[in-house]
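Line order of the protein sequences matches chains F and Y. Going by numbering that gives the first Met the number 0, the first sequence opens with residue 0, and the numbers climb by one from there. Going by numbering that gives the first Met the number 0, the second sequence opens with residue 0, and the numbers climb by one from there.
There are 2 protein chains.
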Amino acid sequence: MQKVVSLAALTLALAAGHVAAEPLTPEEQILTRQAGYSFMSWNMGKIKANLDGEFSPTQVSAAANAIAGIANSGMGALYGPGTDKDIGDVKTRVKPELFTNQEKVGEVAVGFIEAANNMAEVAAMAESKEDVQEAFGKLGESCKACHKEFRKD
Amino acid sequence: MQKVVSLAALTLALAAGHVAAEPLTPEEQILTRQAGYSFMSWNMGKIKANLDGEFSPTQVSAAANAIAGIANSGMGALYGPGTDKDIGDVKTRVKPELFTNQEKVGEVAVGFIEAANNMAEVAAMAESKEDVQEAFGKLGESCKACHKEFRKD
Chain F
0 MQKVVSLAAL
10 TLALAAGHVA
20 AEPLTPEEQI
30 LTRQAGYSFM
40 SWNMGKIKAN
50 LDGEFSPTQV
60 SAAANAIAGI
70 ANSGMGALYG
80 PGTDKDIGDV
90 KTRVKPELFT
100 NQEKVGEVAV
110 GFIEAANNMA
120 EVAAMAESKE
130 DVQEAFGKLG
140 ESCKACHKEF
150 RKD
Chain Y
0 MQKVVSLAAL
10 TLALAAGHVA
20 AEPLTPEEQI
30 LTRQAGYSFM
40 SWNMGKIKAN
50 LDGEFSPTQV
60 SAAANAIAGI
70 ANSGMGALYG
80 PGTDKDIGDV
90 KTRVKPELFT
100 NQEKVGEVAV
110 GFIEAANNMA
120 EVAAMAESKE
130 DVQEAFGKLG
140 ESCKACHKEF
150 RKD
């Protein structure tokens, strides 16, 4: 089960460039954030398949832990300067607003991380589809909330 | 902190095609596993940067949780039929041995997952570099053990 991060710790983690990592190029930042979203998407698909078919608590919990682990990893650091538009073959669907509307970014990011942590906590105890249905719905909504604001179609 | 998976649960999760997910195409499987490795690599880099520079227990623990979450997500399902070689522009460095030497695959996979879980557990309690140095070294070795056997240079 993931630890619930405090708002203060979260804000710190989301401050682009704040993470003391080996510096990634803008291209690498775009590719790495896309890798994170792709991997979360695969795990969302697995949870959905469990809700549509046979339910494996172990698989759903593992998928939820992967999503929460990625969500809490400080992906804000992957939106550094120069990552706001395509770089050659490295394409991004991010809208410019993500780099200017910090208040809204914080809001959707906090909503997403809270929903991901809640999903991981609920899934760790779940025995049936009914137990995770609501948490999964909220998590999906939190994904869409960011896509709607900050991702081009 | 991640739950430690049992060997039985792990073997199940690693059985390619066993995961009841929405079916991914072979191309999607290759891209999704690469996404997982890329995202783990970024988090390994962050932990390394913390060991080389200023140490943030919060960041190291978050990075370790992301790695453990991905490691436990059942990536064996991303090595399905047809994913053993390049598919058009979708390139893979996997060696054919990964699809035939199940015993060695199990060994390196178990070693990696145990090392990732250990790193997450150690990082959750860590206060200094010294506390995570050994666990991080072991985790790096478990990555290399698989690369050596199953990844082309």
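Just so you know, even glycine gets a beta-carbon here, dropped at the ideal spot from N, CA and C.
**Message:** 9 Å is my cut-off, CB to CB: does Y/Val3 come that close to chain F?
**Reply:** Here residue 3 of chain Y refers to the residue found at position 4 when the second sequence is read from its first residue. Unreliable placement is indicated for Y/Val3, whose pLDDT of 32 sits below 50; the coordinate value is still reported in the next sentence. Y/Val3 does not count as touching chain F.
**Request:** Kindly say whether Y/Lys147, judged by its beta-carbon, lies nearer than 9 Å to any beta-carbon of chain F.
**Result:** Position 148 of the second sequence, counted from the start, is the residue given in the question as residue 147 of chain Y. Not one chain F Cβ lies under 9 Å of Y/Lys147.
**Request:** Whole angstroms is fine: what's the gap from Y/Pro56's alpha carbon to F/Gly35's?
**Result:** For this step, residue 56 of chain Y is matched to residue 57 along the second sequence. For this step, residue 35 of chain F is matched to residue 36 along the first sequence. Rounded to the nearest whole angstrom, the C-alpha separation of Y/Pro56 and F/Gly35 is 22 Å.
**Asked** Where do the N-terminal and C-terminal ends of the alpha helix (DSSP H) with Y/Asn64 fall, by residue?
**Response** Residue 64 of chain Y sits at position 65 when you count from the first residue of the second sequence. Segment Pro56 to Ala70, the alpha helix (DSSP H) holding Y/Asn64.
**Request:** Kindly indicate which residue of Y/Phe135, Y/Ala144, Y/Gln28 and Y/His146 has the alpha-carbon position closest to the one of Y/Gly79.
**Result:** Here residue 79 of chain Y is taken as the residue at index 80 of the second sequence, counted from 1. That would be Y/Gln28, whose Cα lies nearest to the Cα of Y/Gly79.
**Message:** Here's the rule I'm using: 16 or more other beta-carbon atoms within 10 Å means buried, otherwise exposed. How should F/Lys147 be labelled?
**Reply:** Position 148 of the first sequence, counted from the start, is the residue given in the question as residue 147 of chain F. Classification for F/Lys147: exposed.
**Prompt:** On the three-state DSSP scale, how would you describe Y/Lys150?
**Reply:** Within the second sequence, numbered from 1, the residue matching residue 150 of chain Y stands at position 151. What sits at residue 150 of chain Y in the sequence shown is Arg, not Lys. DSSP places Y/Arg150 within a strand segment (E or B) once states are collapsed to three.
**Prompt:** With distances taken from CA atoms, which of Y/Lys128, Y/Glu129, Y/Glu140 and Y/Ala76 is nearest Y/Ala115?
**Reply:** Position 116 of the second sequence, counted from the start, is the residue given in the question as residue 115 of chain Y. Answer by Cα proximity: Y/Glu140.
**Message:** Counting only Cβ-Cβ distances shorter than 7 Å, please list the residues of the stretch 69-80 of chain F near chain Y, keeping chain order.
**Reply:** Ile69, Asn71, Ser72 and Gly73
**Prompt:** Name the chain Y residues that come within less than 8 Å of F/Leu30, Cβ to Cβ?
**Reply:** Along the first sequence, one-based indexing puts residue 30 of chain F at 31. Ordered by position in chain Y, the residues that pass the 8 Å Cβ test against F/Leu30 are Ser37.
**Request:** Only counting runs of 4 or more residues, tell me where the alpha helix (DSSP H) segments fall wholly within the stretch 63-151 of chain Y, in order along the chain.
**Result:** DSSP runs (the alpha helix (DSSP H)) wholly in the stretch 63-151 of chain Y: 101-124 and 128-149.
**Prompt:** Can the beta-carbon of Y/Ala61 be found less than 9 Å from the beta-carbon of F/Asn71?
**Reply:** For the purposes of this step, residue 61 of chain Y is taken as residue 62 along the second sequence, with counting starting at 1. For the purposes of this step, residue 71 of chain F is taken as residue 72 along the first sequence, with counting starting at 1. The answer is yes: Cβ separation under 9 Å.
**Item:** For F/Met118, the nearest candidate out of F/Arg92, F/Asn42, F/Leu77 and F/Gly52 (CA to CA)
**Value:** Within the first sequence, numbered from 1, the residue matching residue 118 of chain F stands at position 119. For the residues F/Arg92, F/Asn42, F/Leu77 and F/Gly52, the minimum Cα distance to F/Met118 belongs to F/Asn42.
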